[in-house]
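Residues are numbered in my numbering as their position in the first sequence, beginning at 1, plus a constant of 97.
Written out below as structure tokens is the structure these notes cover.
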Amino acid sequence: MANPISLIYEELYRHFGAQHWWPAKTRFEVMVGAILTQNTNWSNVERAINNLKKNKSLGPHKLRRLPRQKLARLIKSAGYYNIKAKRLKEFLKFLFESYQGNIKKMCLADTQELRRQLLSVNGIGPETADSMLLYALDKPVFVVDSYTKRILSRHRFIRDDEDYETIQNLFMQSLKKDIKIFNEFHALLVRLGKDACLKNKPRCDICPLRKMR
DNA sequence: GACCAGGCACATC
DNA sequence: GATGTGCATGGT
98 MANPISLIYE ELYRHFGAQH WWPAKTRFEV MVGAILTQNT NWSNVERAIN NLKKNKSLGP
158 HKLRRLPRQK LARLIKSAGY YNIKAKRLKE FLKFLFESYQ GNIKKMCLAD TQELRRQLLS
218 VNGIGPETAD SMLLYALDKP VFVVDSYTKR ILSRHRFIRD DEDYETIQNL FMQSLKKDIK
278 IFNEFHALLV RLGKDACLKN KPRCDICPLR KMR
């Protein structure tokens, strides 16, 4: 298991410790959060989620009944609120048409089939689909996000224009197919990415990965 | 006031 | 098929 990718994992885990992701109570809350967090700071998403909870709307049936305009108002803090309200409605339409609004049924489906279905929903791209699969449905899929790309390309493990699937395959072929590791690793990469040291500089002297350059 | 944040779809060339 | 643009709030 001594490949560069698993060494990165071990180094980040040693440095930051467990991240306890995804910060949500239910599978449905994870899926809603996955759409709301698109290109948006998590603290803004939390306000939106809390508004949905206060309004007692954070469940498949309740959210489906909520008018789109009302939904948009409640999730305003998450930014792009009109488009995200539309995307949530598209997702709910899929959830009810394919699984009768029942997430347990969704869990029973084949991973690759589910991924293909999620990607066919307008507003759900690879990162959102994979976040749902891993963090809501416990499927062994690695989530690639902008931090993952940036960190790996800064450290010269990938080209900076490498595509999603290639990066995902790199992780999935280098690691044990274990949802706990996939969960923790992605969260650790986000944790590292949030560190100021990597933001606007190609290198940083306190980066826990500096030895691996 | 500029810049950024746990993307994605769509237009245009 | 690559590249550009709209979507929008709240923190630094």
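Glycine included, every Cβ here is placed at the ideal spot set by N, Cα and C.
All values derive from a computational prediction rather than experimental measurement.
Residues near Met-309 in its chain [Cβ-Cβ closer than 8 Å; skip 5 each side]: For the purposes of this step, residue 309 is taken as the residue at position 212 of the first sequence. Closer than 8 Å at Cβ, skipping near neighbours: Pro-101, Leu-104, Ile-105, Glu-108 and His-252.
Here's the rule: buried if 16 or more other CB atoms are within 10 angstroms of the residue's CB, otherwise exposed. What is His-117? The sequence position of residue 117 within the first sequence is 20, counting from 1. Per the 10 Å Cβ criterion, exposed.
Whole angstroms is fine: what's the gap from Leu-163's alpha carbon to Gln-214's? Taking the first residue of the first sequence as 1, we reach residue 163 at position 66. Taking the first residue of the first sequence as 1, we reach residue 214 at position 117. If you take the alpha carbons of Leu-163 and Gln-214, they lie about 24 Å apart.
Which of the three DSSP states is assigned to Phe-279 in this structure? Numbered from its first residue, the first sequence carries residue 279 at position 182. Residue state, collapsed to three classes: helix.
Cα-Cα separation between Phe-113 and Phe-125, rounded to whole angstroms: Here residue 113 corresponds to residue number 16 of the first sequence, with the count starting at 1. Here residue 125 corresponds to residue number 28 of the first sequence, with the count starting at 1. Phe-113 and Phe-125: Cα-Cα distance of roughly 28 Å.
Less than 8 Å between the beta carbons of Leu-133 and Ala-182, yes or no? The residue labelled residue 133 in the question sits at position 36 within the first sequence. The residue labelled residue 182 in the question sits at position 85 within the first sequence. No.
Looking only at C-alpha atoms, which of Gln-166, Val-142 and Leu-189 sits nearest to Leu-160? One-based indexing of the first sequence puts residue 160 at position 63. That would be Leu-189, whose Cα lies nearest to the Cα of Leu-160.
What do you get for His-283, buried or exposed, if any count of 16 or more other CB atoms within 10 angstroms of its CB means buried? One-based indexing of the first sequence puts residue 283 at position 186. Under this definition His-283 is a buried residue.
Rounded Cβ spacing between Pro-157 and Gly-198 (contact assumed at less than 8 Å): By one-based count along the first sequence, residue 157 stands at place 60. By one-based count along the first sequence, residue 198 stands at place 101. Correct: roughly 4 Å between the Cβ atoms.
Note the first and the last residue of the continuous alpha helix (DSSP H) segment covering His-112. For the purposes of this step, residue 112 is taken as the residue at position 15 of the first sequence. Here the alpha helix (DSSP H) through His-112 covers 101-113.
Report all residues from its chain with a CB closer than 8 Å to the CB of Ile-248; omit the five preceding and five following residues, and keep chain order. Position 151 of the first sequence, counting from 1, holds the residue named residue 248. Closer than 8 Å at Cβ, skipping near neighbours: Leu-286, Leu-289, Gly-290, Leu-295 and Leu-306.
Report yes if the CB atom of Trp-119 is closer than 8 Å to the CB atom of Tyr-261, and no otherwise. On the first sequence, position 22 is the one that residue 119 refers to. On the first sequence, position 164 is the one that residue 261 refers to. No, these two residues do not count as a Cβ contact at 8 Å.
Reduced DSSP secondary structure (H/G/I, E/B, other) of Pro-223: The residue given as residue 223 occupies position 126 in the first sequence. DSSP places Pro-223 in helix when its eight states are reduced to three.
Have a look at Ile-264, Phe-254, Arg-256 and Asp-235 and flag the residue whose alpha-carbon is nearest the alpha-carbon of Asp-242. If you number the first sequence from 1, residue 242 lands on position 145. Nearest option by C-alpha distance: Ile-264.
Which residues in the same chain as Met-128 place their Cβ atom closer than 6 Å to its Cβ, once the five residues preceding and following it in sequence are excluded? Mapped onto the first sequence, residue 128 falls at position 31. Closer than 6 Å at Cβ, skipping near neighbours: Met-229 and Ala-233.
Cα-Cα separation between Glu-187 and Ala-99, rounded to whole angstroms: For the purposes of this step, residue 187 is identified with residue 90 of the first sequence, where counting begins at 1. For the purposes of this step, residue 99 is identified with residue 2 of the first sequence, where counting begins at 1. Looking at the two C-alpha atoms, the distance is approximately 43 Å.
Backbone secondary structure at Gly-176 - three-state DSSP: In the first sequence, residue 176 corresponds to position 79, counting from 1. Gly-176 falls in the coil class under three-state DSSP.
Since Gln-270 is in the alpha helix (DSSP H), which residue starts that stretch and which ends it? Residue 270 sits at position 173 when you count from the first residue of the first sequence. Where Gln-270 is concerned, the enclosing alpha helix (DSSP H) stretches over 261-271.
Excluding the 5 residues flanking Ser-271 on each side, which residues of the same chain have their C-beta closer than 7 Å to its C-beta? Indexing the first sequence from 1 puts residue 271 at position 174. Setting aside the 5 residues that flank it on each side, Ser-271 is surrounded in the same chain by Asn-100, Ile-102 and Ser-103, each with a C-beta closer than 7 Å to its C-beta; the list follows chain order.
Proximity to Lys-150 [Cα-Cα], best of Trp-139, Ala-226, Tyr-178 and Ala-121: By one-based count along the first sequence, residue 150 stands at place 53. Taking only the C-alpha atoms, the option nearest Lys-150 is Ala-121.
Sequence-distant residues of the same chain with beta carbon closer than 6 Å to Ala-145, five excluded per side: Along the first sequence, read from residue 1 onward, the residue named residue 145 stands at position 48. Correct list, in chain order: Leu-133, Ile-172, Ser-174 and Ala-175.
Cβ neighbour criterion (16 or more within 10 Å) applied to Lys-277: Within the first sequence, residue 277 is the residue found at index 180, counting from 1. Counting Cβ neighbours within 10 Å, Lys-277 comes out exposed, since fewer than 16 surround it.
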